[in-house]
Amino acid sequence: MVVSHGTGGSGSSMEWLVRPLHEAGFRVVALDHHGNNFVDGYEPEGFLHIWERPRDVSFALDALAREQLLGPVGVTGFSLGGYTAAALAGARVDPRILWAVLSGTIPLPEIPEFPGALEALRKKHPLDEWSPRALDAAAADLSDPRVRAVFQVAPGAGGLVTPESLATVRAPVGIRWGGADTVNPYDVDTRPYLEHIPTASGASAGPAVRHDDFFAPEPADPTARVRVGREAATFFRHHLST
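Residue numbering for the sequence shown is 0 to 241, as defined by numbering that gives the first Met the number 0.
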């Protein structure tokens with residue numbers, strides 16, 4: 000089982016997902032995505048080259064496979080980690096929308112963990128030199144055939160992925176979201192996954208649950224992430240036991 004954290008988080012912040020999965024009998028790896036975790040530090044690519052995240056997971060699986068036999072693999076993730084999980088099952092970024100964001104045609108919402116991330120990226124990588132390679136990489140098929148099931152929590156980047164790619168997903172996908180999530184709103188970020196992935200099913204974690212309730216030290220609803228963690232374990236026990 001691989002756990003992918005949200006923007007600017009870390010594997011250690013995902014204990015609420017790791018613990019119930021471990022208690023359910025899974026071997027669990029919680030990644031620190033390079034340039035996007037608060038342990039090692041931030042880089043603009045870590046926040047804006049989101050297609051590198053599923054490659055991190057495949058890299059980790061390759062390393063683990065050299066040490067021990069892998070059984071059926073599941074991937075779960077929170078926020079941008081939710082996109083990461085879906086990409087490993089076949090979701091692809093739309094390069095046209097990505098280009099509109101990176102070129103400034105579509106405003107990029109401020110990233111609290113890294114204000115000015117887009118400007119920092121442009122400083123390191125001039126658009127005219129960098130864009131063709133980046134857009135090709137972003138649109139690539141990042142699916143990993145070892146991934147047999149996916150569980151998304153308050154997923155991000157739903158507005159960046161193509162409905163056509165979501166329609167190709169065959170692994171079972173479970174989704175949970177907060178009804179009061181204003182960071183990754185349901186209509187923008189969750190609905191595309193739920194409506195276009197043919198194998199997807201999901202439920203709200205509660206009408207008053209916010210994005211912060213999945214990671215804040217003192218969440219408004221302290222039961223939300225506990226319940227969702229248990230539901231993730233149940234989902235994977237069902238789909239990875241056959």
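Each residue gets a CB set at the ideal place from its N, CA and C atoms; glycine is no exception.
Predicted model, so just to flag it, every value in this text is computed and none were measured.
Asked                                                                                    : Found
L243 to A88 span [Cα, whole Å]                                                           : For the chain, the structure presents residues 0 to 241; residue 243 sits outside this window and is missing.
I174 burial status per 10 Å Cβ neighbour count (16 or more: buried)                      : buried
Given H237 as reference, the closest of G158, A170 and I110 once Cα atoms are compared   : A170
G173, enclosing beta strand (DSSP E) - first and last residue                            : V172 to W176
Beta-carbon proximity list for A136, same chain, < 7 angstroms, skipping 5 on both sides : W50
7 angstroms CB neighbourhood of L107 in its chain, flanking five on each side removed    : V100 and L117
Three-state secondary structure assigned by DSSP to F235                                 : helix
As assigned by DSSP and simplified to three states, the class of R145                    : coil
When G178, R18 and A156 are compared against G80, the one with the closest alpha-carbon  : A156
6 angstroms Cβ shell around R38 - same chain, five flanking residues per side excluded   : The sequence given here places Val at residue 38; Arg does not occur at that position. Excluding residues within five positions, the ones whose Cβ falls inside 6 angstroms are S9 and D31.
Pairwise C-alpha distance: H124 and L68                                                  : 40 angstroms
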